[in-house]
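Using the numbering used here, the first residue of the sequence shown is number 3, and each one after it goes up by one. Here is the structure we will look at.
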Amino acid sequence: MSDPVIELTSESENIKTKQYVYEENKYIIKNYDRNMISESFSDLFAYKSVISDENGKLLSIAPPKSIGYNYFTSSYECDSNIEISEIIEGTMINLFYHNDKWMLSTRGAIGGTYFYFRNQYYVDVHSTSRQISFYDMFMEALQADDNQMLNDNMLMKNMDKNYCYSFVMQHPDNHIVIPVRFPQLYLTGVYKVDNVENNKFTAISREVYENFDCFKNSVIHFPKIFETKDSFQDNLDAYTGLQEPYTNVGIMIYNKQSGVRCAVKTHSYLKLKELRGNNPNLQYQYLSLRRIDKVKEFLSYFPQYKKLFYKFYVQYKDFMFNVHRSYIARYITKKEKFISNKYMPHIFRIHQEMFVPHMLKGEKTTIKLDDVYQYFNDRSIAELLYALNYDAREVHDKQVTIKHI
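This is the structure we're talking about:
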């Protein structure tokens with residue numbers, strides 16, 4: 003069986019193209035428009051992440067987008083061409099060689115010197131959280147020596163530079179849903195650029211690349227392969243049933259002849275993923291969960307966030323209390339002539355929206371602490387987050403000003 007070939011033939015307006023500069027090298031990154039992707043535009047699926055140099059020479063490709071289960075099962079038979087493997091939760095990291103250097107990339111950027119999930123909110127002497135980049139996470143997963151550069155890593159020296167590679171990276175500092183104790187790298191795809199036609203990649207079969215000498219006795223892992231059952235439904239029943247724990251993400255159904263794949267996730271994992279949310283700011287997630295009374299449930303599954311969520315709770319409670327005190331000082335006792343900008347816009351609106359209408363009707367009313375809570379409940383999460391972090395912005399702005407003096 004020959005390896006599947008991925009052709010990049012689409013000129014669709016639904017492909018986003020951007021120029022990217024990293025270490026003085028210019029690149030072109032192409033991604034499909036997530037809002038326009040469907041089985042009707044299957045030629046877009048290869049453009050999950052395609053990278054070329056400034057002259058258009060292809061350098062890297064990510065595994066094409068998986069198709070829907072119904073479309074897959076109506077297109078293929080459950081035969082010897084089908085491979086069933088576990089889905090690995092994590093962040094896609096692609097690796098390619100360019101200008102005598104190995105380069106990391108994610109879906110829409112190159113270098114890996116950035117992060118997604120925010121871990122640091124209150125940096126103090128007791129803080130154990132780290133805010134490290136994808137590059138640093140990748141190096142830790144490689145078990146690289148301190149201060150070792152990617153090119154100097156022994157595994158990198160032994161890897162074939164004519165291929166590009168796609169990994170799923172797991173790291174404790176990039177937690178998504180399932181618990182991660184140690185940094186790990188799973189190799190999920192290896193591709194070779196067609197040097198004759200510059201619009202084709204060959205997908206190297208797993209049977210070949212997992213036997214590359216460089217990966218033998220290395221830190222690289224491979225997704226577990228399951229026994230393929232007689233029918234697609236039998237595979238779902240066996241590996242994605244209702245009783246599966248949330249740590250079983252699901253299965254990847256792969257057609258080895260065409261290179262097309264389909265992902266089916268377990269009910270328990272999807273439930274937890276929805277609860278976990280995908281907002282990179284955990285304080286935003288806390289406020290969202292608080293609105294729907296799901297904080298306790300969230301912490302029952304993700305107890306590692308208890309300490310951080312308690313800090314969010316204290317900050318939230320103290321802020322509400324101080325807004326109420328400021329309102330009293332301004333409008334009731336009238337003892338304070340100056341009210342901080344942190345509170346003034348809110349107490350003014352509280353007065354206009356919750357007190358003045360009653361006064362105009364000749365009704366007596368008192369603004370209580372509960373009214374302050376209600377006022378902020380009626381605001382968007384983004385507006386509330388902005389208000390809560392007024393002091394943090396002030397500190398940051400002062401630091402920036404000092405740097406530019």
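All C-beta atoms in this analysis are idealised placements derived from N, C-alpha and C, irrespective of residue type, glycine included.
Query, Result
"Just the C-alpha distance for residue 381 and residue 371, rounded to the nearest angstrom, thanks.", "16 Å"
"Check whether the Cβ atoms of residue 369 and residue 357 lie closer than 8 Å to each other.", "yes"
"State the beta-bridge partners of residue 191 as determined by DSSP.", "168"
"Based on the DSSP output, what are the partners of residue 100 in its beta bridges?", "103"
"Look up residue 2 in the DSSP assignment and give the residues it is bridged to.", "Residue 2 falls outside the range modelled here, since the chain spans only 3 to 407, and no answer is possible."
"Ignore the nearest five residues each way along the sequence and tell me which others in residue 75's own chain have a CB closer than 7 Å to its CB.", "234"
"Name the two residues that bound the continuous beta strand (DSSP E) containing residue 254.", "252–257"
"Count the other CB atoms, across all protein chains shown, that sit within 10 Å of the CB of residue 360; report buried if there are 16 or more and exposed otherwise.", "exposed"
"For the alpha helix (DSSP H) containing residue 418, name the first residue and the last one.", "The structure shown does not extend to residue 418, since the chain spans only 3 to 407, so no value can be given for it."
"Helix, strand or coil: which one does DSSP assign to residue 220?", "coil"
"Please report how far the alpha carbon of residue 56 lies from the alpha carbon of residue 45, in whole angstroms.", "23 Å"
"Assuming residue 299 and residue 284 make a contact with CB atoms under 8 Å, what is their CB distance in whole Å?", "The Cβ separation is near 16 Å, so there is no contact."
"Between residue 390 and residue 201, is the Cβ-Cβ spacing less than 8 Å?", "no"
"Bridge partners of residue 264, per DSSP?", "69, 255"
"Quick check on DSSP: helix, strand or coil for residue 54?", "strand"
"What are the partner residues of residue 62, as DSSP defines its beta bridges?", "53"
"Mind checking whether residue 263 and residue 77 have CB atoms under 8 Å apart?", "no"
"Relative to the C-alpha of residue 179, which residue among 303, 325, 53, 335 is closest?", "303"
"If the criterion is Cβ atoms closer than 8 Å, does the pair residue 51 and residue 33 meet it?", "yes"
"Nearest-angstrom Cα distance between residue 328 and residue 320?", "12 Å"
"Could you check if residue 95 is buried or exposed, using at least 16 other CB atoms within 10 Å of its CB as the buried criterion?", "buried"
"Under the DSSP definition of a beta bridge, which residues are partnered with residue 76?", "None; residue 76 has no bridge partner."
"Helix, strand or coil for residue 116, going by three-state DSSP, please let me know.", "coil"
"Specify, as a first and last residue, the run of the beta strand (DSSP E) that residue 9 falls within.", "7–9"
"When the Cβ atoms of the segment 234–247 are set against those of the segment 97–117, are three or more pairs found closer than 8 Å?", "no"
"Output the boundary residues of the alpha helix (DSSP H) element that contains residue 285.", "284–293"
"Look up residue 349 in the DSSP assignment and say whether it is helix, strand or coil.", "helix"
"My assumption, with CB atoms under 8 Å, is that residue 171 sits in contact with residue 93. Please give the rounded CB distance.", "5 Å"
"Tell me whether the segment 183–198 and the segment 214–231 touch, counting them as touching only if at least three CB pairs, one residue from each stretch, are closer than 8 Å.", "yes"
"Does the distance from the C-beta atom of residue 144 to that of residue 155 stay below 8 Å?", "yes"
"Are residue 217 and residue 86 touching if we call contact CB-CB under 8 Å?", "no"
"Suppose only complete runs of 4+ residues qualify. What are the alpha helix (DSSP H) ranges in the segment 137–164, listed by chain order?", "156–160"
"Considering only the beta carbon of each residue, do residue 64 and residue 36 sit closer than 8 Å?", "no"
"Apart from the five residues just before and just after residue 71, which ones in its own chain have a Cβ nearer than 7 Å to its Cβ?", "264, 266"
"Can you tell which of 365, 193, 274, 210 has the C-alpha that lies nearest to the C-alpha of residue 204?", "193"
"Count the other CB atoms, across all protein chains shown, that sit within 10 Å of the CB of residue 6; report buried if there are 16 or more and exposed otherwise.", "buried"
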